[in-house]
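Peer 1:
Numbering (this note's numbering), first residue to last: 66 to 458.
#1: Go ahead and label residue 246 buried or exposed: buried means 16 or more other beta carbons lie within 10 angstroms of its beta carbon, across all protein chains shown.
#2: Does the beta-carbon of residue 330 have 16 or more other beta-carbons within 10 angstroms, so that it is buried, or is it exposed?
#3: Could you give the distance in angstroms between the alpha-carbon of residue 264 and the alpha-carbon of residue 347?
#4: Got a sec, what are the start and stop residues for the beta strand (DSSP E) residue 216 sits in?
#5: Which word fits residue 438, buried or exposed, when buried means at least 16 other C-beta atoms lie within 10 angstroms of its C-beta?
#6: Express the C-alpha separation of residue 127 and residue 18 in angstroms, rounding to a whole number.
#7: Report the option in 362, 371, 442 and 262 whose CA atom is closest to the CA atom of residue 377.
#8: Roughly how many angstroms separate the alpha carbons of residue 421 and residue 448, rounded to a whole number?
#9: By the 10 Å Cβ neighbour count, where 16 or more other Cβ atoms means buried, how is residue 76 classified, buried or exposed?
#10: Measure the Cβ-Cβ separation of residue 312 and residue 259 and say whether it is below 9 Å.
#11: Is the segment 385 to 402 in contact with the segment 410 to 426, if contact means three or more CB pairs nearer than 8 Å?
#12: Rounded to a whole number of angstroms, what is the C-alpha to C-alpha distance between residue 375 and residue 401?
#13: In the DSSP assignment, the beta strand (DSSP E) including residue 490 goes from what residue to what residue?
#14: Which one of 230, 417, 337 and 270 has the shortest CA to CA distance from residue 244?
#15: Pick out the complete alpha helix (DSSP H) segments inside the segment 284 to 351, 4 residues or longer, and give them in chain order.
#16: In the DSSP assignment, find the unbroken alpha helix (DSSP H) run with residue 409 in it and report its ends.
#17: What's the C-alpha gap between residue 201 and residue 436?
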């Protein structure tokens, strides 16, 4: 149907013809009629509704989060500073060719053996920001070296060597080098024969073995030396399968390698990038004194992905020894957290070990940290950078 339209004049006439409407109520009558509606109380919610909703929300979050936490706790892992401080880490995708790094060795009561008690004072040196409930990162192994094997890998820049201690049932192929921030000088074709009684080892190379480049040759030699370092050898012989000398590039044709000179190293922290695992890495010194080693541990070497293992605020005031005991007296400011102190303690213990000491006295410290009672003599570890199978005890 077509809609009818009106002119303005027609609309005026229509409006004039409409009946008049008058409201004869007074304003007082109108007020009285609407007052009851205005004074009606608003509907209130029962007081238990909001707390009930909040409780339900919390339970829902717990239902989602708790299974995730337990699942993550049961996965193979390695312990890094990011996990301990609650920071997130960007881990590379794990493939069959690059398996996940097994868990880091953790020991309860480590370092307490052979320690004489000085006092039971609390951990007064920890920062107020430190949370004792956080799990600390341990980088050494105090357990007996039973059924373990030793490996050595290079840093990503091929300038440092990081020795690893693999627990029972683990092989070099189980280590995810990318995840750990390490690279590899392949020694899988070499045969290692160790004679503990004579303190000698023989490394057998394939016939016609060659190495390309001076850097590769240096890292190969250092990898072999550090792989064998825990064996405490006096001689390392090398030969090919037919008994010939080995062509080691810029080293020339060799039939032996010099074992690690233990007194010329100090341990610092290697970490390729934030989120990667941290390792204790030996750094070669110009001089072979424990004094120089302790001071060199305070130096950052970021170009090699090495950071100081002794904080800058620590000043060694007296370094003495009593037989095989290293006695350290030093001044320090407040520790950043318990992890900083624990890392320093373990790096010093490994450095003391490689310099021939069997125990260390940290004179100014009277507290417990991690697995150590620092009020007494602390035994040096048996090895650095332990990696254990997830199912190991």
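Just so you know, even glycine gets a beta-carbon here, dropped at the ideal spot from N, CA and C.
Peer 2: The relevant details are as follows:
#1: buried
#2: buried
#3: 22 Å
#4: 214 to 220
#5: Around the beta carbon of residue 438, a 10 Å sphere encloses 16 or more other beta carbons of the protein chains shown; the residue is thus reported as buried.
#6: No answer is possible for residue 18: the residues shown for the chain start at 66 and end at 458.
#7: 362
#8: In a straight line, the C-alpha of residue 421 is about 14 Å away from that of residue 448.
#9: The residue is exposed, with fewer than 16 neighbouring Cβ atoms inside 10 Å.
#10: no
#11: A contact exists between the segment 385 to 402 and the segment 410 to 426.
#12: Taking the straight line from one Cα to the other gives about 12 Å.
#13: Given that the chain is displayed from residue 66 to residue 458, the structure contains no residue 490 and the question cannot be resolved.
#14: 337
#15: none
#16: 403 to 419
#17: Distance between the alpha carbons of residue 201 and residue 436: 9 Å.
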